[in-house]
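Here is the structure we will look at.
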Amino acid sequence: MESYKKPVAFVILFVVLIMSTISWYWSREPDFLSLEITESPVIGAATTEMVIKSIETLLDKPGGYLSNDKMPPSVFLDNIPNWEFGVLQQVRDIAKAMRNDYSRSQTQSLADPDLEAAEPKFNVNSDAWLFPSAEGEYLDGKQSLQRYLDKLKDPSQQNAQFYARADNLNEWLSLVAKRLGSLSQRLSAARPQIRINTDLAGDAKAEQSTRASSEIRAKTSWFDIDDNFFEARGTAWALVHFLRAAEIDFHEVLVDKNALVSLRQIVRELEATQQPIRSLMILNGSGMGMFANHSLVMSSYITRANAAIADLRSLLAEG
997 MESYKKPVAF
1007 VILFVVLIMS
1017 TISWYWSREP
1027 DFLSLEITES
1037 PVIGAATTEM
1047 VIKSIETLLD
1057 KPGGYLSNDK
1067 MPPSVFLDNI
1077 PNWEFGVLQQ
1087 VRDIAKAMRN
1097 DYSRSQTQSL
1107 ADPDLEAAEP
1117 KFNVNSDAWL
1127 FPSAEGEYLD
1137 GKQSLQRYLD
1147 KLKDPSQQNA
1157 QFYARADNLN
1167 EWLSLVAKRL
1177 GSLSQRLSAA
1187 RPQIRINTDL
1197 AGDAKAEQST
1207 RASSEIRAKT
1217 SWFDIDDNFF
1227 EARGTAWALV
1237 HFLRAAEIDF
1247 HEVLVDKNAL
1257 VSLRQIVREL
1267 EATQQPIRSL
1277 MILNGSGMGM
1287 FANHSLVMSS
1297 YITRANAAIA
1307 DLRSLLAEG
């Protein structure tokens, strides 16, 4: 029996080492993507291409799409799956905006059939494994977006359009603002807080279905702290690309509204969220204590970006 102990221990150690190496490699976040800009870009091509590239990154990065994996080592990983979910949320929102706003001239106009086919595909449960699998549905959605992009670039296809208007951009930014607002609240609640209930603020006649306390104790579960952090990283990563694409597609609108600098400032704030993490784990120190609080730092960048989005939306609506 003793003769088997050393070989078995060696095999176990070897397997653990291999699994650890694979886990480290698969847990690396993708770099920023590049976007080729032509001299006469087709309106809408930059946004559509960037959404397609983001989906390709989700599916083709090292390890592939991990959120629905059922086998080790990916079943033990949670940082990258939460990063994937952050990216996916932004893909869902912009796909919705493309279907409902960007591709339609009026509320009574027809939606593009390929965008109608694409949007539901991205709403499949992110951890769906079979019947259908998340990867298969997202791939189908990407292919529908590719068909829409091909039509945009074909001058003979006049039914496929992308309307770069201020109100359309504003509609998408409203979705972004809500996502960032929710993330900011969850990140800042990494440390216990007593918040004033402002649910009905600003409307003396407003009511809600259930009475709530005037003060709310907000505290993110210890198990959710790193989940929220990496979801925010994925969200910001996707938004950097979509906003850069919006600068190309909506350039004339942004210049006319004197809002180009405001959009670039949002991108700058979100880029700061992608700084390398120098710690072995996500720390949750007190705000003014000896140890860092990564959630509060992330919340600061997200909140500033969201405030800049509010300013940009005002310029688009009134500028």
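The letter at position 181 of the sequence shown is residue 1177 when you use the working numbering, and the numbering goes up by one with no holes. Glycine included, every Cβ here is placed at the ideal spot set by N, Cα and C.
Check: Should Y1134 be labelled buried (16 or more other beta-carbon atoms within 10 Å of its own) or exposed?; Outcome: buried
Check: Examine the Cβ distances between the stretch 1102-1110 and the stretch 1064-1075 and report whether three or more of them are shorter than 8 Å.; Outcome: no
Check: Report back the beta-carbon spacing between A1241 and L1266 to the nearest angstrom; my notes put them in contact at under 8 Å.; Outcome: 13 Å between Cβ atoms; not a contact.
Check: Taking N1119 as the reference, give the member of F1127, N1254, K1092 with the closest Cα.; Outcome: K1092
Check: Tell me where the alpha helix (DSSP H) around E1314 begins and ends.; Outcome: 1290-1314
Check: For V1172, which of E1112, W1079, R1088 has the nearest alpha-carbon?; Outcome: R1088
Check: Would you list, in sequence order, the uninterrupted alpha helix (DSSP H) runs of no fewer than 4 residues that lie entirely inside the stretch 1096-1146?; Outcome: 1109-1118
Check: In the DSSP assignment, what residue or residues form a beta bridge with N1280?; Outcome: N1289
Check: Quick one, are the C-beta atoms of I1298 and A1232 less than 9 Å apart?; Outcome: yes
Check: Compute the Euclidean distance between the alpha carbons of G1137 and E1115, then round it to the nearest angstrom.; Outcome: 7 Å
Check: Scan the stretch 1012-1093 and note each continuous alpha helix (DSSP H) run of 4 residues or more that stays entirely inside, going in chain order.; Outcome: 1041-1056, 1075-1093
Check: Decide if M1015 is buried, meaning its Cβ has at least 16 other Cβ atoms within 10 Å, or exposed.; Outcome: exposed
Check: So, do the stretch 1160-1176 and the stretch 1138-1148 have three or more beta carbon pairs nearer to each other than 8 Å?; Outcome: no
Check: Buried or exposed for S1063, please, with buried defined as at least 16 other CB atoms from any protein chain shown within 10 angstroms of its CB.; Outcome: buried
Check: According to the Cβ coordinates, are L1259 and L1239 closer than 9 Å?; Outcome: yes
Check: Pairing CB atoms from the stretch 1144-1164 with CB atoms from the stretch 1033-1051, are three or more of them under 8 Å?; Outcome: yes
Check: What does the alpha-carbon distance come out to for the pair G1177 and L1054?; Outcome: 24 Å
Check: Terminal residues of the continuous alpha helix (DSSP H) containing Q1157?; Outcome: Segment: none, Q1157 is in no alpha helix (DSSP H) and carries neither H nor E.
Check: Mind checking which residues open and close the alpha helix (DSSP H) that includes N1224?; Outcome: 1221-1245
Check: Kindly indicate which residue of Q1086, S1295, R1095 has the alpha-carbon position closest to the one of S1122.; Outcome: Q1086
Check: Taking C-beta to C-beta, are A1162 and K1253 nearer than 9 Å?; Outcome: yes
Check: How many Å lie between W1079 and P1026 at the Cα?; Outcome: 10 Å
Check: What separation, rounded to the nearest whole angstrom, lies between the Cα atoms of L1009 and V1249?; Outcome: 60 Å
Check: Can you name, in chain order, every residue of its own chain whose Cβ lies under 6 Å from the Cβ of N1224, other than the five neighbours on each side?; Outcome: R1182, L1183
Check: Roughly how far, in whole angstroms, is the beta-carbon of D1056 from the beta-carbon of F1158, given that I think they are within contact range, below 8 Å?; Outcome: In fact, because the Cβ distance is near 26 Å, the residues do not count as touching under 8 Å.
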